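Remarks on the structure that follows.
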Amino acid sequence: MTLEEKILQMQNNASAIPRLGVPAYNWWNECLHGVARNGVATVFPQAIGMAATWDPDLIRKEADVISTEARAKYNYAIGKNEHGMYQGLAFWSPNINIDRNPRFGRGQETYGEGPFLTSQIGVAFVRGPQGYNSKYLKVVATPKHFPAHSGPETSRHYY
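Mind the numbering: the sequence shown is residues 277 to 435 in the numbering used here, read in order.
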């Protein structure tokens, strides 16, 4: 790849590289409790509800179901030569932020205020969608919103 081609791959809406046979790809996708914004999908309880089970193996199984559905949606889109937003295999999930402030408007997307529980559920949620095949990942799970993210204070990025 040329330097320009490499740079164009470093955004969520990566351009095609026809001379290399690389199709366009959009990296923006999410599956916190089901495949988001890509048609009809199975919806599991929100993350805080999943964490309330205190059952990492159950969460891993739920995440595996989500990734199976995501893979099916991806295969369907590729069959129609569609490469748009919310149709890829890279997911910004799970949210591993610690809900340290009840005024944070997105606390339901987290696994709660406990770092230990968040770590256990977070690992399970990554392992479920990525699968255990040594040759390929079912989907790519990308943990997001690390602990310093939670608001609502406007200075949340400064210390």
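Here a beta-carbon is modelled for each residue, glycine too, at the ideal position from N, C-alpha and C. As the structure is a computational prediction, the values presented were derived from the model and not from experiment.
Classify residue i: buried if its beta carbon has 16 or more other beta carbons within 10 angstroms, exposed otherwise.
i, result
"residue 380", "buried"
"residue 435", "Residue placement at residue 435 is flagged as unreliable, the pLDDT there being 47, under the threshold of 50; the coordinate-derived value follows with that caveat. Counting Cβ neighbours within 10 Å, residue 435 comes out exposed, since fewer than 16 surround it."
"residue 363", "buried"
"residue 385", "buried"
"residue 333", "exposed"
"residue 372", "buried"
"residue 294", "exposed"
"residue 370", "buried"
Beta-carbon separation of residue i and residue j under 8 Å?
i, j, result
"residue 323", "residue 309", "yes"
"residue 346", "residue 404", "no"
"residue 365", "residue 399", "no"
"residue 374", "residue 344", "no"
"residue 367", "residue 318", "no"
"residue 296", "residue 290", "no"
"residue 401", "residue 335", "yes"
"residue 354", "residue 311", "no"
For the alpha helix (DSSP H) that contains residue i, what are its first and last residues?
i, result
"residue 326", "323-327"
"residue 343", "332-355"
"residue 403", "391-406"
"residue 283", "279-284"
Quick check: what's the CA-CA separation for residue i versus residue j?
i, j, result
"residue 300", "residue 411", "23 Å"
"residue 286", "residue 305", "15 Å"
"residue 315", "residue 387", "25 Å"
"residue 320", "residue 278", "43 Å"
"residue 302", "residue 288", "5 Å"
"residue 349", "residue 298", "20 Å"
"residue 396", "residue 331", "9 Å"
"residue 382", "residue 376", "11 Å"
Quiz item: So does the stretch 323-340 actually touch the stretch 359-368, counting three or more Cβ pairs closer than 8 Å?
Solution: No, the stretch 323-340 does not touch the stretch 359-368.
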